[in-house]
Amino acid sequence: MQSQTALPPRGVVDLKAAENQDLESDGKSVDVNVGTSDDFKQWSSKLGISCTIEVHGITPTTTAERSDPRMYQLFTVWFSAILNVTCLATGALGPQVFELGFRDCCIVLVVADVLACLVPGYFAVFGPKLGTRTMVQSRFSFGYFGSMLPAILNVFSMFGFLVLSCITGGQLLAAVFSNLNDTLGIVIIALISLGISFCGYKVLHCFDTYAWIPNAVIYICLLAVGGSKLSLRPERPTPSAAAIISYGTLSGRLELQDLPIHISRSSTFLGHIIGVALAAAAPAIPAWEAGLGDGQDFGNFIATILSPVGGFGKFLVVVATLTLPAQSAVTMYSFGVSLMSVSWIFMKIPRYVYSVIVTAIVIPVSIVGAIRFFTTFQEIINIIGYWAASYASIVLTEHFVFRRNDFSKYKVQECWRDPSRLPLGVAAVMAFGLSFALIVPSMNQPWYTGQFARAGTGDIGLITGFFGGALVYVVLRAWEIKVGKGRDA
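Just so you know, the sequence shown maps onto residues 39 to 527 in the working numbering.
Structure below.
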(Lines of atoms letter the chains of each structure in order from A and count residues from 1; the text may use other names and numbers.)
(Lines give C-alpha, C1' and ligand atoms only; values in the text may rest on other atoms or scores of the structure.)
Protein backbone atom coordinates (compact mmCIF):
# COMPACT_ATOMS: atom_id res chain seq x y z
CA MET A 1 0.00 0.00 0.00
CA GLN A 2 1.15 3.55 -0.63
CA SER A 3 2.53 5.41 2.33
CA GLN A 4 0.40 8.38 3.33
CA THR A 5 -0.82 8.59 6.87
CA ALA A 6 -2.88 11.74 6.82
CA LEU A 7 -6.62 11.64 6.28
CA PRO A 8 -7.55 13.61 3.20
CA PRO A 9 -10.00 16.49 3.64
CA ARG A 10 -13.60 15.44 3.91
CA GLY A 11 -16.76 17.06 2.64
CA VAL A 12 -20.19 16.09 1.39
CA VAL A 13 -20.48 16.46 -2.36
CA ASP A 14 -22.18 14.80 -5.27
CA LEU A 15 -20.49 11.51 -6.23
CA LYS A 16 -20.92 12.08 -9.95
CA ALA A 17 -19.22 15.44 -9.69
CA ALA A 18 -16.37 13.85 -7.78
CA GLU A 19 -15.92 11.22 -10.47
CA ASN A 20 -15.61 13.91 -13.14
CA GLN A 21 -12.94 15.96 -11.40
CA ASP A 22 -10.07 16.98 -13.65
CA LEU A 23 -6.42 16.82 -12.68
CA GLU A 24 -6.50 20.18 -10.95
CA SER A 25 -9.21 19.12 -8.50
CA ASP A 26 -7.87 15.62 -7.87
CA GLY A 27 -7.19 14.93 -4.21
CA LYS A 28 -10.58 15.41 -2.63
CA SER A 29 -12.45 12.96 -0.47
CA VAL A 30 -16.19 12.75 -0.18
CA ASP A 31 -18.72 11.26 2.16
CA VAL A 32 -21.43 9.73 0.04
CA ASN A 33 -24.83 8.47 1.09
CA VAL A 34 -25.10 5.60 -1.37
CA GLY A 35 -28.51 5.35 -2.99
CA THR A 36 -31.20 7.89 -3.75
CA SER A 37 -34.13 6.42 -1.89
CA ASP A 38 -35.36 8.51 1.03
CA ASP A 39 -36.36 5.32 2.81
CA PHE A 40 -32.83 3.99 2.50
CA LYS A 41 -31.36 7.21 3.84
CA GLN A 42 -33.73 7.20 6.81
CA TRP A 43 -32.98 3.52 7.51
CA SER A 44 -29.23 4.04 7.34
CA SER A 45 -29.50 7.13 9.51
CA LYS A 46 -31.40 5.21 12.21
CA LEU A 47 -28.70 2.53 12.24
CA GLY A 48 -25.96 5.14 12.29
CA ILE A 49 -24.55 3.95 8.96
CA SER A 50 -22.41 6.35 6.97
CA CYS A 51 -20.70 5.08 3.83
CA THR A 52 -17.51 6.98 3.04
CA ILE A 53 -16.09 6.64 -0.44
CA GLU A 54 -12.64 8.10 -0.81
CA VAL A 55 -11.86 9.54 -4.22
CA HIS A 56 -8.50 11.01 -3.29
CA GLY A 57 -6.14 10.25 -6.13
CA ILE A 58 -2.38 10.69 -6.24
CA THR A 59 -2.20 14.45 -5.82
CA PRO A 60 0.21 15.19 -2.94
CA THR A 61 -1.43 16.47 0.22
CA THR A 62 -0.40 19.74 1.77
CA THR A 63 1.17 20.09 5.20
CA ALA A 64 -2.16 21.32 6.60
CA GLU A 65 -3.93 18.21 5.33
CA ARG A 66 -1.42 15.86 6.96
CA SER A 67 -2.80 16.34 10.45
CA ASP A 68 -4.36 13.03 11.48
CA PRO A 69 -3.50 12.62 15.20
CA ARG A 70 -4.41 8.92 15.43
CA MET A 71 -0.90 7.52 15.55
CA TYR A 72 -2.11 4.13 16.77
CA GLN A 73 -3.41 3.46 13.25
CA LEU A 74 0.18 3.23 12.04
CA PHE A 75 0.42 0.13 14.19
CA THR A 76 -2.99 -1.47 13.69
CA VAL A 77 -3.22 -1.19 9.91
CA TRP A 78 0.04 -3.03 9.35
CA PHE A 79 -0.19 -5.33 12.34
CA SER A 80 -3.51 -6.60 10.94
CA ALA A 81 -2.13 -6.84 7.41
CA ILE A 82 0.86 -8.95 8.46
CA LEU A 83 -0.53 -10.97 11.36
CA ASN A 84 -2.43 -13.52 9.28
CA VAL A 85 -2.11 -17.01 7.87
CA THR A 86 -0.13 -15.96 4.80
CA CYS A 87 2.83 -15.37 7.12
CA LEU A 88 2.43 -18.94 8.36
CA ALA A 89 2.61 -20.17 4.78
CA THR A 90 5.82 -18.24 4.15
CA GLY A 91 7.45 -19.76 7.21
CA ALA A 92 6.36 -23.22 6.13
CA LEU A 93 8.37 -22.90 2.93
CA GLY A 94 11.59 -23.42 4.91
CA PRO A 95 10.98 -27.03 5.98
CA GLN A 96 8.66 -27.86 3.08
CA VAL A 97 10.63 -26.57 0.10
CA PHE A 98 14.19 -25.89 1.28
CA GLU A 99 14.32 -28.83 3.75
CA LEU A 100 15.72 -26.67 6.55
CA GLY A 101 15.38 -27.54 10.22
CA PHE A 102 13.49 -25.46 12.78
CA ARG A 103 16.58 -23.82 14.30
CA ASP A 104 18.08 -22.95 10.93
CA CYS A 105 14.80 -21.47 9.70
CA CYS A 106 14.40 -19.32 12.82
CA ILE A 107 17.89 -17.86 12.52
CA VAL A 108 17.44 -17.15 8.82
CA LEU A 109 14.01 -15.59 9.32
CA VAL A 110 15.04 -13.25 12.12
CA VAL A 111 18.01 -11.90 10.16
CA ALA A 112 16.10 -11.68 6.86
CA ASP A 113 13.04 -10.05 8.41
CA VAL A 114 15.06 -7.40 10.23
CA LEU A 115 16.96 -6.43 7.09
CA ALA A 116 13.89 -6.57 4.85
CA CYS A 117 11.77 -4.49 7.24
CA LEU A 118 14.30 -1.66 7.40
CA VAL A 119 13.67 -0.57 3.82
CA PRO A 120 9.84 -0.37 3.84
CA GLY A 121 10.01 0.98 7.38
CA TYR A 122 12.05 3.95 6.20
CA PHE A 123 9.95 4.40 3.08
CA ALA A 124 6.98 4.97 5.38
CA VAL A 125 8.63 8.19 6.55
CA PHE A 126 8.31 9.74 3.10
CA GLY A 127 4.50 9.90 3.21
CA PRO A 128 4.13 12.16 6.26
CA LYS A 129 7.16 14.23 5.25
CA LEU A 130 6.30 14.81 1.59
CA GLY A 131 2.59 13.98 1.34
CA THR A 132 3.14 11.78 -1.71
CA ARG A 133 2.21 8.28 -2.73
CA THR A 134 5.36 6.21 -3.04
CA MET A 135 5.05 5.72 -6.78
CA VAL A 136 4.70 9.49 -7.16
CA GLN A 137 7.71 10.07 -4.93
CA SER A 138 9.79 7.88 -7.24
CA ARG A 139 9.44 10.59 -9.90
CA PHE A 140 12.10 12.53 -7.99
CA SER A 141 14.67 9.92 -8.98
CA PHE A 142 13.18 8.12 -12.01
CA GLY A 143 11.74 11.26 -13.61
CA TYR A 144 8.17 11.72 -14.81
CA PHE A 145 8.27 9.17 -17.61
CA GLY A 146 10.81 6.82 -16.06
CA SER A 147 8.65 6.41 -12.96
CA MET A 148 6.07 4.65 -15.09
CA LEU A 149 8.35 1.59 -15.06
CA PRO A 150 8.28 0.89 -11.29
CA ALA A 151 4.61 1.90 -11.18
CA ILE A 152 3.72 -0.76 -13.76
CA LEU A 153 5.83 -3.35 -11.96
CA ASN A 154 4.15 -2.47 -8.68
CA VAL A 155 0.74 -2.96 -10.27
CA PHE A 156 1.70 -6.51 -11.25
CA SER A 157 3.25 -7.10 -7.82
CA MET A 158 0.09 -6.07 -6.00
CA PHE A 159 -1.93 -8.26 -8.31
CA GLY A 160 0.29 -11.25 -7.50
CA PHE A 161 -0.18 -10.84 -3.77
CA LEU A 162 -3.91 -10.38 -4.20
CA VAL A 163 -3.96 -13.78 -5.89
CA LEU A 164 -2.09 -15.34 -2.97
CA SER A 165 -4.43 -13.85 -0.37
CA CYS A 166 -7.50 -15.06 -2.22
CA ILE A 167 -6.05 -18.56 -2.65
CA THR A 168 -5.20 -18.85 1.05
CA GLY A 169 -8.63 -17.63 2.11
CA GLY A 170 -10.42 -19.90 -0.32
CA GLN A 171 -8.52 -22.95 0.91
CA LEU A 172 -9.24 -22.14 4.55
CA LEU A 173 -12.97 -21.80 3.96
CA ALA A 174 -13.06 -25.00 1.91
CA ALA A 175 -11.25 -26.85 4.70
CA VAL A 176 -13.98 -25.92 7.19
CA PHE A 177 -17.11 -26.33 5.07
CA SER A 178 -17.36 -29.62 3.20
CA ASN A 179 -19.97 -28.24 0.80
CA LEU A 180 -17.81 -25.25 -0.15
CA ASN A 181 -14.88 -25.56 -2.56
CA ASP A 182 -11.83 -23.38 -3.10
CA THR A 183 -13.52 -21.51 -5.92
CA LEU A 184 -16.40 -20.18 -3.84
CA GLY A 185 -14.03 -19.38 -0.99
CA ILE A 186 -11.87 -17.31 -3.32
CA VAL A 187 -14.91 -15.39 -4.53
CA ILE A 188 -15.98 -14.62 -0.95
CA ILE A 189 -12.55 -13.29 0.06
CA ALA A 190 -12.25 -11.21 -3.11
CA LEU A 191 -15.66 -9.60 -2.65
CA ILE A 192 -15.04 -8.73 1.00
CA SER A 193 -11.73 -7.16 0.01
CA LEU A 194 -13.48 -5.22 -2.73
CA GLY A 195 -16.04 -3.82 -0.32
CA ILE A 196 -13.38 -2.52 2.07
CA SER A 197 -11.01 -1.22 -0.61
CA PHE A 198 -13.84 0.42 -2.55
CA CYS A 199 -14.64 2.73 0.35
CA GLY A 200 -11.03 3.73 0.85
CA TYR A 201 -8.75 5.05 3.54
CA LYS A 202 -11.22 5.63 6.35
CA VAL A 203 -12.92 2.23 6.14
CA LEU A 204 -9.58 0.45 5.69
CA HIS A 205 -8.29 1.89 8.93
CA CYS A 206 -11.54 1.15 10.75
CA PHE A 207 -11.43 -2.51 9.69
CA ASP A 208 -7.74 -2.94 10.45
CA THR A 209 -8.10 -1.44 13.90
CA TYR A 210 -9.76 -4.68 15.00
CA ALA A 211 -8.86 -7.32 12.38
CA TRP A 212 -5.65 -8.36 14.16
CA ILE A 213 -7.49 -9.58 17.27
CA PRO A 214 -8.92 -12.88 15.92
CA ASN A 215 -5.63 -13.64 14.20
CA ALA A 216 -3.75 -13.22 17.47
CA VAL A 217 -6.23 -15.64 19.07
CA ILE A 218 -5.75 -18.27 16.35
CA TYR A 219 -1.95 -18.02 16.67
CA ILE A 220 -2.23 -18.66 20.40
CA CYS A 221 -4.60 -21.58 19.82
CA LEU A 222 -2.30 -23.12 17.21
CA LEU A 223 0.50 -23.13 19.75
CA ALA A 224 -1.77 -24.35 22.53
CA VAL A 225 -3.23 -27.23 20.50
CA GLY A 226 -0.09 -28.27 18.63
CA GLY A 227 2.59 -27.13 21.05
CA SER A 228 3.09 -30.51 22.70
CA LYS A 229 3.83 -32.08 19.30
CA LEU A 230 6.31 -29.54 18.01
CA SER A 231 9.21 -31.32 19.69
CA LEU A 232 8.52 -34.37 17.49
CA ARG A 233 10.02 -32.73 14.44
CA PRO A 234 12.52 -35.05 12.71
CA GLU A 235 16.22 -34.27 12.47
CA ARG A 236 17.35 -32.75 9.21
CA PRO A 237 20.82 -32.78 7.67
CA THR A 238 23.09 -29.76 7.94
CA PRO A 239 21.78 -27.27 5.40
CA SER A 240 23.89 -25.97 2.57
CA ALA A 241 24.84 -22.31 2.35
CA ALA A 242 22.90 -22.07 -0.89
CA ALA A 243 19.68 -23.28 0.78
CA ILE A 244 20.08 -20.83 3.66
CA ILE A 245 20.74 -17.84 1.41
CA SER A 246 17.94 -18.76 -0.98
CA TYR A 247 15.39 -19.12 1.82
CA GLY A 248 16.55 -15.91 3.50
CA THR A 249 16.15 -13.82 0.37
CA LEU A 250 12.82 -15.50 -0.41
CA SER A 251 11.31 -14.72 3.00
CA GLY A 252 12.68 -11.19 2.89
CA ARG A 253 10.82 -10.52 -0.33
CA LEU A 254 7.48 -10.73 1.46
CA GLU A 255 8.44 -7.54 3.30
CA LEU A 256 10.37 -5.89 0.48
CA GLN A 257 7.44 -6.10 -1.92
CA ASP A 258 5.57 -3.78 0.45
CA LEU A 259 8.10 -1.02 -0.12
CA PRO A 260 5.64 1.79 0.52
CA ILE A 261 4.40 0.50 3.87
CA HIS A 262 5.52 0.23 7.45
CA ILE A 263 5.63 -3.37 8.64
CA SER A 264 5.37 -4.54 12.21
CA ARG A 265 8.49 -6.66 12.68
CA SER A 266 7.10 -8.43 15.74
CA SER A 267 4.07 -9.71 13.85
CA THR A 268 6.25 -10.78 10.92
CA PHE A 269 8.56 -12.81 13.18
CA LEU A 270 5.63 -14.39 15.00
CA GLY A 271 3.84 -15.53 11.86
CA HIS A 272 6.93 -16.82 10.08
CA ILE A 273 8.34 -18.76 13.03
CA ILE A 274 5.04 -20.39 13.99
CA GLY A 275 4.66 -21.47 10.37
CA VAL A 276 8.15 -22.96 10.46
CA ALA A 277 7.46 -24.85 13.70
CA LEU A 278 4.23 -26.38 12.42
CA ALA A 279 5.60 -27.40 9.02
CA ALA A 280 8.81 -28.79 10.54
CA ALA A 281 6.81 -31.08 12.85
CA ALA A 282 4.36 -32.23 10.16
CA PRO A 283 6.43 -35.21 8.88
CA ALA A 284 6.41 -36.75 12.37
CA ILE A 285 2.63 -36.44 12.81
CA PRO A 286 0.60 -38.45 10.26
CA ALA A 287 -2.55 -36.33 10.53
CA TRP A 288 -0.62 -33.11 10.02
CA GLU A 289 1.36 -34.57 7.15
CA ALA A 290 -1.84 -35.70 5.48
CA GLY A 291 -3.37 -32.26 6.00
CA LEU A 292 -0.39 -30.51 4.47
CA GLY A 293 -0.22 -33.03 1.62
CA ASP A 294 2.36 -32.02 -0.94
CA GLY A 295 2.34 -28.47 0.39
CA GLN A 296 -0.33 -27.19 -1.96
CA ASP A 297 -3.19 -26.84 0.58
CA PHE A 298 -2.02 -24.84 3.56
CA GLY A 299 -5.58 -24.01 4.57
CA ASN A 300 -6.41 -27.66 5.15
CA PHE A 301 -3.19 -27.99 7.18
CA ILE A 302 -4.30 -25.26 9.63
CA ALA A 303 -7.77 -26.76 9.92
CA THR A 304 -6.25 -30.18 10.68
CA ILE A 305 -4.10 -28.80 13.50
CA LEU A 306 -7.14 -27.14 15.11
CA SER A 307 -9.43 -30.15 14.62
CA PRO A 308 -8.95 -31.42 18.24
CA VAL A 309 -10.93 -28.43 19.55
CA GLY A 310 -13.88 -29.27 17.30
CA GLY A 311 -16.35 -26.56 16.42
CA PHE A 312 -14.32 -23.85 18.12
CA GLY A 313 -11.39 -24.66 15.85
CA LYS A 314 -13.59 -24.35 12.79
CA PHE A 315 -14.93 -21.06 14.09
CA LEU A 316 -11.39 -19.73 14.51
CA VAL A 317 -10.46 -20.75 10.97
CA VAL A 318 -13.52 -19.01 9.55
CA VAL A 319 -12.89 -15.81 11.51
CA ALA A 320 -9.20 -15.81 10.59
CA THR A 321 -10.16 -16.28 6.96
CA LEU A 322 -12.58 -13.38 7.01
CA THR A 323 -9.81 -11.12 8.33
CA LEU A 324 -7.55 -11.87 5.37
CA PRO A 325 -9.01 -8.80 3.63
CA ALA A 326 -7.03 -6.76 6.17
CA GLN A 327 -4.12 -7.55 3.86
CA SER A 328 -5.80 -8.01 0.50
CA ALA A 329 -7.91 -4.84 0.75
CA VAL A 330 -4.77 -2.81 1.45
CA THR A 331 -3.11 -4.45 -1.55
CA MET A 332 -6.16 -3.75 -3.71
CA TYR A 333 -6.04 -0.10 -2.63
CA SER A 334 -2.36 0.06 -3.58
CA PHE A 335 -3.13 -1.50 -6.95
CA GLY A 336 -5.43 1.40 -7.78
CA VAL A 337 -3.14 4.24 -6.77
CA SER A 338 -0.16 2.56 -8.45
CA LEU A 339 -2.10 2.33 -11.69
CA MET A 340 -3.04 5.99 -11.38
CA SER A 341 0.68 6.79 -11.12
CA VAL A 342 1.42 5.20 -14.49
CA SER A 343 -0.19 7.93 -16.59
CA TRP A 344 -2.34 11.03 -16.28
CA ILE A 345 -4.96 9.14 -18.30
CA PHE A 346 -5.43 6.66 -15.44
CA MET A 347 -5.65 9.58 -12.99
CA LYS A 348 -9.00 10.57 -14.48
CA ILE A 349 -10.57 7.28 -13.39
CA PRO A 350 -11.52 7.13 -9.67
CA ARG A 351 -9.43 4.80 -7.54
CA TYR A 352 -12.41 2.71 -6.45
CA VAL A 353 -13.17 1.77 -10.07
CA TYR A 354 -9.81 0.01 -10.22
CA SER A 355 -10.80 -2.02 -7.17
CA VAL A 356 -13.75 -3.37 -9.14
CA ILE A 357 -11.62 -4.07 -12.21
CA VAL A 358 -8.88 -5.94 -10.34
CA THR A 359 -11.48 -8.01 -8.46
CA ALA A 360 -12.99 -9.17 -11.74
CA ILE A 361 -9.54 -10.26 -12.92
CA VAL A 362 -8.12 -11.70 -9.71
CA ILE A 363 -10.97 -14.15 -9.10
CA PRO A 364 -10.43 -16.36 -12.20
CA VAL A 365 -6.64 -16.13 -11.89
CA SER A 366 -6.79 -17.21 -8.23
CA ILE A 367 -9.03 -20.15 -9.09
CA VAL A 368 -6.43 -21.41 -11.56
CA GLY A 369 -3.53 -20.63 -9.23
CA ALA A 370 -5.10 -22.56 -6.34
CA ILE A 371 -4.19 -25.79 -8.10
CA ARG A 372 -0.49 -25.21 -7.42
CA PHE A 373 -0.34 -23.07 -4.28
CA PHE A 374 3.25 -23.32 -3.08
CA THR A 375 4.63 -23.19 -6.59
CA THR A 376 2.59 -20.08 -7.28
CA PHE A 377 3.74 -18.54 -4.01
CA GLN A 378 7.42 -19.06 -4.81
CA GLU A 379 7.28 -17.84 -8.37
CA ILE A 380 5.37 -14.64 -7.60
CA ILE A 381 7.47 -13.61 -4.59
CA ASN A 382 10.75 -14.29 -6.39
CA ILE A 383 9.89 -12.23 -9.43
CA ILE A 384 8.68 -9.34 -7.27
CA GLY A 385 11.73 -9.30 -5.04
CA TYR A 386 14.28 -8.75 -7.78
CA TRP A 387 12.88 -5.52 -9.16
CA ALA A 388 11.90 -4.19 -5.74
CA ALA A 389 15.48 -4.46 -4.48
CA SER A 390 16.87 -2.43 -7.38
CA TYR A 391 14.10 0.14 -7.12
CA ALA A 392 14.63 0.63 -3.39
CA SER A 393 18.38 1.09 -3.75
CA ILE A 394 17.93 3.80 -6.38
CA VAL A 395 15.35 5.81 -4.43
CA LEU A 396 17.34 5.55 -1.20
CA THR A 397 20.59 6.50 -2.95
CA GLU A 398 18.92 9.58 -4.38
CA HIS A 399 17.67 10.55 -0.93
CA PHE A 400 20.84 9.97 1.08
CA VAL A 401 23.59 10.74 -1.44
CA PHE A 402 22.16 13.48 -3.63
CA ARG A 403 19.56 15.08 -1.34
CA ARG A 404 21.56 14.56 1.86
CA ASN A 405 18.59 13.13 3.76
CA ASP A 406 16.92 16.55 3.52
CA PHE A 407 13.19 16.39 2.74
CA SER A 408 13.10 20.13 2.04
CA LYS A 409 15.03 19.48 -1.17
CA TYR A 410 11.96 17.80 -2.68
CA LYS A 411 9.81 20.50 -4.32
CA VAL A 412 6.75 18.30 -4.33
CA GLN A 413 3.86 20.73 -4.76
CA GLU A 414 5.57 22.66 -7.56
CA CYS A 415 7.15 19.85 -9.55
CA TRP A 416 5.43 16.50 -8.96
CA ARG A 417 3.79 16.44 -12.40
CA ASP A 418 6.07 18.77 -14.34
CA PRO A 419 8.39 16.66 -16.55
CA SER A 420 10.55 19.69 -17.33
CA ARG A 421 11.46 20.24 -13.67
CA LEU A 422 11.71 16.65 -12.50
CA PRO A 423 14.96 14.70 -13.03
CA LEU A 424 15.53 13.33 -16.53
CA GLY A 425 15.26 9.81 -15.13
CA VAL A 426 17.88 8.40 -17.49
CA ALA A 427 20.23 7.54 -14.63
CA ALA A 428 17.57 5.69 -12.65
CA VAL A 429 16.19 3.75 -15.59
CA MET A 430 19.66 2.74 -16.79
CA ALA A 431 20.79 1.77 -13.29
CA PHE A 432 17.59 -0.22 -12.85
CA GLY A 433 18.11 -2.05 -16.13
CA LEU A 434 21.84 -2.63 -15.68
CA SER A 435 21.32 -4.06 -12.20
CA PHE A 436 19.75 -7.08 -13.87
CA ALA A 437 23.12 -7.86 -15.41
CA LEU A 438 24.04 -8.93 -11.88
CA ILE A 439 20.62 -10.23 -10.88
CA VAL A 440 20.18 -12.71 -13.74
CA PRO A 441 23.39 -14.73 -13.15
CA SER A 442 22.60 -14.67 -9.40
CA MET A 443 19.11 -16.16 -9.75
CA ASN A 444 18.22 -19.64 -8.62
CA GLN A 445 14.71 -20.49 -9.76
CA PRO A 446 12.95 -23.71 -10.77
CA TRP A 447 12.84 -22.39 -14.32
CA TYR A 448 16.34 -20.82 -14.41
CA THR A 449 19.64 -21.02 -12.51
CA GLY A 450 22.27 -18.36 -13.16
CA GLN A 451 26.01 -18.90 -13.42
CA PHE A 452 26.75 -17.50 -9.95
CA ALA A 453 23.99 -19.58 -8.37
CA ARG A 454 25.28 -22.74 -10.05
CA ALA A 455 28.64 -22.09 -8.40
CA GLY A 456 26.97 -22.65 -5.02
CA THR A 457 26.08 -19.13 -3.87
CA GLY A 458 22.36 -19.78 -3.68
CA ASP A 459 19.90 -17.15 -4.87
CA ILE A 460 21.68 -13.85 -4.21
CA GLY A 461 19.84 -11.87 -6.88
CA LEU A 462 18.15 -9.70 -4.26
CA ILE A 463 21.51 -8.72 -2.77
CA THR A 464 23.37 -8.10 -6.02
CA GLY A 465 20.43 -6.14 -7.41
CA PHE A 466 20.31 -3.83 -4.41
CA PHE A 467 24.00 -2.97 -4.25
CA GLY A 468 24.57 -3.11 -8.00
CA GLY A 469 21.71 -0.71 -8.67
CA ALA A 470 22.97 1.75 -6.05
CA LEU A 471 26.55 1.81 -7.36
CA VAL A 472 25.55 2.32 -10.97
CA TYR A 473 23.05 5.02 -10.01
CA VAL A 474 25.65 7.07 -8.12
CA VAL A 475 27.81 7.32 -11.24
CA LEU A 476 25.02 7.97 -13.72
CA ARG A 477 23.10 10.40 -11.51
CA ALA A 478 26.19 12.59 -11.05
CA TRP A 479 26.41 12.82 -14.84
CA GLU A 480 22.68 13.47 -15.17
CA ILE A 481 22.78 16.39 -12.74
CA LYS A 482 25.46 18.08 -14.84
CA VAL A 483 23.55 17.78 -18.12
CA GLY A 484 20.14 18.45 -16.59
CA LYS A 485 20.69 21.89 -15.11
CA GLY A 486 17.47 23.77 -14.41
CA ARG A 487 15.71 20.68 -13.17
CA ASP A 488 15.32 21.70 -9.54
CA ALA A 489 12.91 19.07 -8.24
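Ideal Cβ placement from N, Cα and C applies to all residues, glycine included. Fair warning: this is a prediction, and the values are worked out from it, not measured in the lab.
Given a threshold of 16 other Cβ atoms within 10 Å of its Cβ, counted over all protein chains shown, does residue i qualify as buried or as exposed?
i      : result
Val157 : buried
Ile145 : exposed
Trp11  : Nothing can be reported for residue 11, as the shown portion of the chain is limited to 39 through 527.
Tyr486 : exposed
Ala328 : exposed
Arg177 : buried
Glu452 : exposed
Pro484 : exposed
Trp517 : exposed
Ser458 : exposed
Asn443 : exposed
Phe445 : exposed
Ala102 : exposed
Val115 : buried
Ile227 : buried
Phe474 : buried
Trp382 : exposed
Arg141 : exposed
Ser216 : exposed
Leu147 : buried
Arg171 : buried
Phe490 : buried
Pro188 : buried
Val521 : exposed
Tyr182 : buried
Pro388 : buried
Ile340 : buried
Ile395 : exposed
Which same chain residues end up closer than 6 Å to residue i when comparing Cβ atoms and leaving out the 5 residues on each side of it in sequence?
i      : result
Leu232 : Ser393 and Thr397
Ile323 : Lys267
Lys352 : Val214
Ala427 : Leu500, Gly503 and Phe504
Ile230 : Pro363
Thr361 : Ala249, Pro252 and Asn253
Leu462 : Gly181, Glu518 and Gly522
Asp245 : The question names Asp, but residue 245 is Phe in the sequence shown. Excluding sequence neighbours, Phe245 sits near Ile234.
I'd like the list of long-range same chain contacts for residue i, defined as Cβ closer than 8 Å, with 5 residues on each side in sequence excluded.
i      : result
Tyr390 : Ile91, Glu92, Val93, Ser235, Phe236, Cys237, Gly238 and Gly374
Ile432 : Ser179, Phe180, Ala466, Ala469, Phe470, Gly507, Ala508 and Tyr511
Val464 : Gly181, Gly184, Leu514 and Glu518
Arg525 : Ser458, Arg459, Leu460, Pro461 and Leu462
Closer than 7 Å by C-beta to residue i: which residues in its own chain qualify, once you throw out the five before and the five after it? Chain order, please.
i      : result
Ile477 : Tyr424, Gly499, Thr502 and Gly503
Thr124 : Leu202, Ser203, Thr206 and Gln365
Leu218 : Leu211 and Ala212
Lys447 : Arg441
Val225 : Ile401
Ile190 : Val380
Asn192 : Met173 and Ser376
Val439 : Val512
When DSSP builds the beta bridges, which residues end up paired with residue i?
i      : result
Gln483 : Tyr486
Name the residue from the options whose alpha carbon lies nearest to the alpha carbon of residue i.
i      : options                           : result
Gly507 : Tyr448, Glu436 and Asn482         : Glu436
Gly407 : Gly198, Tyr371 and Ala358         : Gly198
Ala127 : Ile224, Ala317 and Asp142         : Ala317
Pro29  : Asn217, Thr221, Gly208 and Tyr160 : Summary: the structure shown does not reach residue 29, with the chain confined to residues 39 through 527, and so no result is reported for it.
Cys259 : Ser376, Leu191 and Ile343         : Ile343
Phe194 : Ser428, Ser372 and Val355         : Ser372
Gly129 : Asp456, Ala319 and Val357         : Ala319
Gly479 : Ala162, Gly496 and Gly348         : The question names Gly, but residue 479 in the sequence shown is Pro. Taking only the C-alpha atoms, the option nearest Pro479 is Gly496.
Ala528 : Ala358, Ile409 and Val450         : Only positions 39 to 527 of the chain appear in this structure, which leaves residue 528 out of reach.
Val450 : Gln175, Phe113 and Asp151         : Gln175
Ile409 : Ala162, Gly165, Thr221 and Lys167 : Thr221
Pro583 : Leu261, Met370 and Phe438         : No answer is possible for residue 583: it lies beyond the span of the chain, which begins at 39 and ends at 527.
At a cut-off of 6 Å, is residue i close to the ligand COA when judged by its beta-carbon and the heavy atoms of the ligand?
i      : result
Leu242 : Among the components of this structure there are no ligands whatsoever, and the ligand COA is therefore not found.
### Query
For the stretch 199-230, which segments carrying the beta strand (DSSP E) assignment without a break, of at least 3 residues, lie completely within its bounds, in sequence order?
none
### Query
Going along the chain, which unbroken runs of the alpha helix (DSSP H) with 4 or more residues stay wholly within the stretch 439-486?
450-453 and 464-480
### Task
Jot down the residue ranges of each uninterrupted beta strand (DSSP E) in the stretch 235-265, minimum 3 residues, whole runs only, in chain order.
none
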